[in-house]
Amino acid sequence: MGEPFYDPAAMSEPLFTAEEQQRFDAGIAELLTHYPTDRKSAAMLPALRHLQSIKGWCPPEGMKQVAEKLETTVAHCYEVATFYVMFHTEKPGKYVIDVCTNLSCSLRGAEGLLGYLEQKLNTHAGTNGEKVFLRETECLASCGTAPCLQINEDHHENLTREKVDRLLEKLT
Amino acid sequence: MSVLTEKVMTRDWGKPGQPTLKGYKERGGYQQLKRVLDTLQPAQVTDEVKKSNLRGRGGAGFPTGLKWSFVPPLEKNNKPRYLAINADESEPGTAKDRYILELDPHLLLEGIAIACYALGAHACYIYSRGEFKFPSSVLDAAIAEAYADGVFGKKLMGKDFELNVYQVRGAGAYICGEETALLESLEGKKGWPRLKPPFPAVVGLFGCPTVVNNVETIASLPRIFEKGADWFSKLGAAKSGGTRLVTLSGSVLKPGTYEVSMDTSMRELIFDKEYGGGLPEGRSVKAVIPGGSSAPVLTADELEVKLEFDAFKPLHSMAGSGGVIVIDDATCIVRSIWRVARFYAEESCGQCTPCREGQPWMARLIRKIEEGRGELADLDTLMNVAQAIAPWPPIGLGNTICALGDAGALPVQSFVQKFRKEFEDHITRKGCPYGDKPWGAYGEFK
Chain A
6 MGEPFYDPAA MSEPLFTAEE QQRFDAGIAE LLTHYPTDRK SAAMLPALRH
56 LQSIKGWCPP EGMKQVAEKL ETTVAHCYEV ATFYVMFHTE KPGKYVIDVC
106 TNLSCSLRGA EGLLGYLEQK LNTHAGTNGE KVFLRETECL ASCGTAPCLQ
156 INEDHHENLT REKVDRLLEK LT
Chain B
180 MSVLTEKVMT RDWGKPGQPT LKGYKERGGY QQLKRVLDTL QPAQVTDEVK
230 KSNLRGRGGA GFPTGLKWSF VPPLEKNNKP RYLAINADES EPGTAKDRYI
280 LELDPHLLLE GIAIACYALG AHACYIYSRG EFKFPSSVLD AAIAEAYADG
330 VFGKKLMGKD FELNVYQVRG AGAYICGEET ALLESLEGKK GWPRLKPPFP
380 AVVGLFGCPT VVNNVETIAS LPRIFEKGAD WFSKLGAAKS GGTRLVTLSG
430 SVLKPGTYEV SMDTSMRELI FDKEYGGGLP EGRSVKAVIP GGSSAPVLTA
480 DELEVKLEFD AFKPLHSMAG SGGVIVIDDA TCIVRSIWRV ARFYAEESCG
530 QCTPCREGQP WMARLIRKIE EGRGELADLD TLMNVAQAIA PWPPIGLGNT
580 ICALGDAGAL PVQSFVQKFR KEFEDHITRK GCPYGDKPWG AYGEFK
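Line order of the protein sequences matches chains A and B. Its first residue numbered 6, the first sequence is counted upward by one per residue in the numbering used here. Its first residue numbered 180, the second sequence is counted upward by one per residue in the numbering used here.
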């Protein structure tokens with residue numbers, strides 16, 4: 006964690022545009038209909054996902070709003086957001102690339118795939134850059150169609166150098 | 180050679196329009212639900228499921244009907260009942276539930292409706308893997324169709340029984356596949372497993388009686404009611420009804436997800452032309468992980484085992500989630516178990532000390548040996564750490580609240596016991612005998 010969680014300067018800037026605010030409010034209101042009325046905080050995972058779909062990550066001010074709507078604490082939001090790897094509590098690069106290096110994929114070349122990506126993208130796995138955040142991830146249920154990766158959650162499998170080259174060309 | 184006499188789960192996969200309500204109904208979809216609602220009382224539905232010998236496909240193989248019968252009667256506990264579907268498929272080596280969501284989502288939804296009717300549950304939450312963007316989108320579309328068609332909603336197919344079905348996506352935590360962690364996550368918390376008892380059937384979601392079942396388990400229900408519990412029971416082995424989906428991965432010619440009869444042997448799965456088609460020319464089997472990476476490893480001498488839930492017990496392993504990973508003779512065993520150990524180290528939720536501290540410790544020791552920095556004493560330390568998490572041979576549950584402790588510790592112990600010489604070779608040679616090519620027949624990225 007680079008920045009302190011509560012950064013007063015960051016908190017004073019408006020988080021959402023008017024349109025985003027409307028989308029955020031409507032989405033949370035819909036999610037809350039899925040749970041008993043006395044269990045609003047149960048909507049935490051979908052609510053954080055919704056926030057992230059709008060802002061690209063879970064900024065502190067956004068989590069504050071989630072906490073208010075779900076009638077819980079900001080600490081609860083932060084606890085959940087940091088427990089699950091898919092929530093970004095720091096702004097990620099434009100493209101988050103998750104490469105499975107678990108056993109089934111490694112038996113089909115995943116370590117080589119990761120090395121190839123590191124070389125092509127001139128980065129190291131685990132480094133968050135402005136354009137690309139390359140990560141090793143765990144089994145993505147492509148064991149019979151290995152190796153695989155996800156780019157911003159879009160799934161690609163049966164990968165070859167040729168396929169990877171084509172995918173990388175699309176990253177602008 | 181045992182053959183699959185008829186396809187059960189995969190029967191309609193890939194047929195035109197199958198993922199849509201229209202395509203599903205063209206092949207008789209939702210007729211079993213209708214018949215169940217019209218002709219059976221909820222208790223009779225549970226009895227049929229018991230008779231079918233359906234067992235949980237998520238890993239533990241627990242009898243489904245029996246699990247349902249643990250839900251207390253309304254007279255004793257009048258809280259709402261819930262059904263939670265475990266679609267958090269994340270056991271390394273396993274890719275089956277994903278295909279049910281992608282290729283036949285209404286089969287799952289029809290199963291859910293039948294189960295909810297039997298359980299008296301008016302809400303079902305499908306907890307799907309956070310990384311499953313595409314499968315989740317197919318499922319969401321199917322749920323919306325089922326509402327629009329009057330299957331779900333205020334009246335379940337016209338019957339005076341309200342049923343709401345929601346999909347909740349996880350966010351990248353293996354532990355949430357454990358049923359009580361899944362419930363915590365559904366309640367909006369981090370996925371820390373709960374102490375049992377009380378079991379979820381009595382105190383589950385929001386403190387209410389809850390049944391947690393795997394996708395493949397519930398998707399079996401429409402077939403059971405179409406062809407009968409006896410038929411389903413006879414398809415399988417003595418105490419396990421039906422067929423199984425298995426995912427074959429690693430060093431085989433034809434990796435993929437296959438539906439197999441329970442009396443298929445591991446050898447047939449790997450070598451038969453219908454399935455894996457064997458290994459590439461010149462390679463042989465060194466080791467097989469039979470049921471997802473938490474299942475203790477088998478050697479090449481143990482391949483006659485049948486792919487049936489109870490058959491793995493004498494080998495101290497398990498059928499688990501059906502993830503079969505084949506490791507060939509040109510693959511480094513130490514590197515292989517390092518990948519597995521690293522996974523459990525990463526995914527330990529941090530609640531219990533033996534697992535939180537032990538899994539990363541094991542991963543570091545294995546890495547040290549793989550890199551040629553190990554000493555013989557490290558092997559003893561490794562086994563001691565593993566024993567402290569879960570003793571070998573497996574006794575059911577080790578020293579942690581949930582089975583993730585066992586899931587990480589038992590494979591390590593099985594690898595060291597069955598392939599000790601390869602660990603020792605790394606130590607005496609001060610390096611990996613496979614050099615920079617540890618991954619066998621298909622290990623090179625091309």
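Quick reminder that beta carbons are idealized off the backbone N, C-alpha and C, glycines included.
Secondary structure of residue i, DSSP reduced to three states
i: S147 (chain B); result: Past the boundaries of the shown model lies residue 147 (chain B); chain B is included only from 180 to 625, so the question cannot be answered.
i: R423 (chain B); result: strand
i: W247 (chain B); result: helix
i: H160 (chain A); result: strand
i: Y437 (chain B); result: strand
i: K69 (chain A); result: helix
i: H301 (chain B); result: strand
i: Q155 (chain A); result: strand
i: L282 (chain B); result: helix
i: S307 (chain B); result: strand
i: L432 (chain B); result: coil
i: I580 (chain B); result: coil
i: R260 (chain B); result: strand
i: F378 (chain B); result: coil
i: T42 (chain A); result: coil
i: M6 (chain A); result: At M6 (chain A), the pLDDT of 47 sits below 50, so the modelled position is not reliable; the number obtained from the coordinates is stated separately. Coil, per DSSP.
i: T225 (chain B); result: helix
i: K136 (chain A); result: coil
i: V591 (chain B); result: helix
Under 9 Å by beta carbon: chain B residues contacting residue i
i: Q155 (chain A); result: E310 and K312
i: R171 (chain A); result: Neighbours of R171 (chain A) on chain B: none; closest Cβ ~15 Å, over 9 Å.
i: Y121 (chain A); result: F624
i: M68 (chain A); result: In chain order: nothing, as chain B lies at least about 13 Å away.
i: V165 (chain A); result: Reading off the sequence shown, one finds Thr at residue 165 (chain A), where the question assumed Val. What T165 (chain A) touches in chain B: F624 and K625.
i: H129 (chain A); result: By Cβ distance, chain B contributes nothing, its closest Cβ being about 17 Å from H129 (chain A), past 9 Å.
Buried/exposed call for residue i, threshold 16 Cβ in 10 Å
i: K369 (chain B); result: buried
i: H129 (chain A); result: exposed
i: Q57 (chain A); result: buried
i: N392 (chain B); result: buried
i: S147 (chain A); result: buried
i: G207 (chain B); result: exposed
i: N163 (chain A); result: exposed
i: R113 (chain A); result: buried
i: F249 (chain B); result: exposed
Chain-ordered neighbours of residue i on chain B, where CB pairs are closer than 8 Å
i: V90 (chain A); result: A350, G351 and A352
i: E116 (chain A); result: W618, G622 and F624
i: V104 (chain A); result: The premise fails here: V104 (chain A) is roughly 11 Å from chain B at the closest Cβ pair, so nothing lies under 8 Å.
i: P65 (chain A); result: Residues of chain B passing the Cβ test: none, with the nearest at roughly 18 Å.
i: P51 (chain A); result: V347 and R348
Cross-chain neighbours of residue i in chain B, by beta carbon under 7 Å
i: R113 (chain A); result: Y621
i: S147 (chain A); result: A274
i: S109 (chain A); result: P271, G272, S428, G429 and I504
i: A48 (chain A); result: G367
i: D159 (chain A); result: K312
Beta-carbon neighbours of residue i, restricted to chain A and to distances below 7 Å
i: V513 (chain B); result: Under the 7 Å cutoff, chain A gives no residues; its nearest Cβ is about 12 Å from V513 (chain B).
i: T436 (chain B); result: G149
i: L427 (chain B); result: G149
i: Y345 (chain B); result: H39
i: F522 (chain B); result: N107 and E143
i: R277 (chain B); result: A146
i: S463 (chain B); result: Those do not exist, as S463 (chain B) stays about 15 Å from chain A at its closest Cβ, beyond 7 Å.
Contacts that residue i makes with chain A (C-beta to C-beta distance below 8 Å)
i: I526 (chain B); result: A quick correction: the sequence has Glu, not Ile, at residue 526 (chain B). Going along chain A in sequence order, the residues near E526 (chain B) (Cβ under 8 Å) are E143.
i: T510 (chain B); result: L112
i: R518 (chain B); result: T106, N107, L108 and S111
Interface residues of chain A facing residue i [CB-CB closer than 9 Å]
i: G370 (chain B); result: F88 and Y89
> Where in the segment 385-416 of chain B do unbroken runs of the alpha helix (DSSP H), each at least 4 residues long, occur, reported from the N-terminal end onward?
Replying inline: 394-398, 400-406 and 408-414
> Quick one: complete beta strand (DSSP E) runs, 3+ long, within the segment 470-535 of chain B?
Replying inline: 502-507
> Does the segment 408-423 of chain B come within contact of the segment 319-332 of chain B, defined as at least 3 CB pairs closer than 8 Å?
Replying inline: no
>> Quick check: the segment 598-606 of chain B against the segment 509-517 of chain B, are at least 3 beta-carbon pairs closer than 8 Å?
In response: yes
>> Using 8 Å as the cut-off, can you tell me whether the segment 48-67 of chain A makes contact with the segment 24-36 of chain A, which would need three or more C-beta pairs spanning the two stretches below that distance?
In response: yes
>> I'd like to know if the segment 553-569 of chain B and the segment 611-623 of chain B are in contact, where contact means that at least 3 CB-CB pairs between them fall below 8 Å.
In response: Because the criterion of three Cβ pairs below 8 Å is not met, the segment 553-569 of chain B and the segment 611-623 of chain B do not touch.
> At which residue ranges does the segment 314-355 of chain B contain complete alpha helix (DSSP H) runs of 4 or more residues, listed in the order of the chain?
Replying inline: Qualifying alpha helix (DSSP H) stretches: none in this window.
> When the Cβ atoms of the segment 249-256 of chain B are set against those of the segment 467-486 of chain B, are three or more pairs found closer than 8 Å?
Replying inline: no
> Whole beta strand (DSSP E) runs in the segment 64-113 of chain A with 3 or more residues, listed along the chain?
Replying inline: 100-105
>> Below 8 Å, how does it come out for the segment 563-581 of chain B and the segment 224-238 of chain B: are there three or more Cβ pairs, yes or no?
In response: As far as the Cβ criterion goes, the segment 563-581 of chain B does not touch the segment 224-238 of chain B, which means the pair count is below three.
>> Quick test of the definition: if touching needs 3 or more C-beta pairs under 8 Å, does the segment 61-79 of chain A touch the segment 101-111 of chain A?
In response: Contact fails: fewer than three Cβ-Cβ distances are below 8 Å.
> How do the segment 181-192 of chain B and the segment 271-285 of chain B stand: do at least 3 beta-carbon pairs fall below 8 Å, yes or no?
Replying inline: yes
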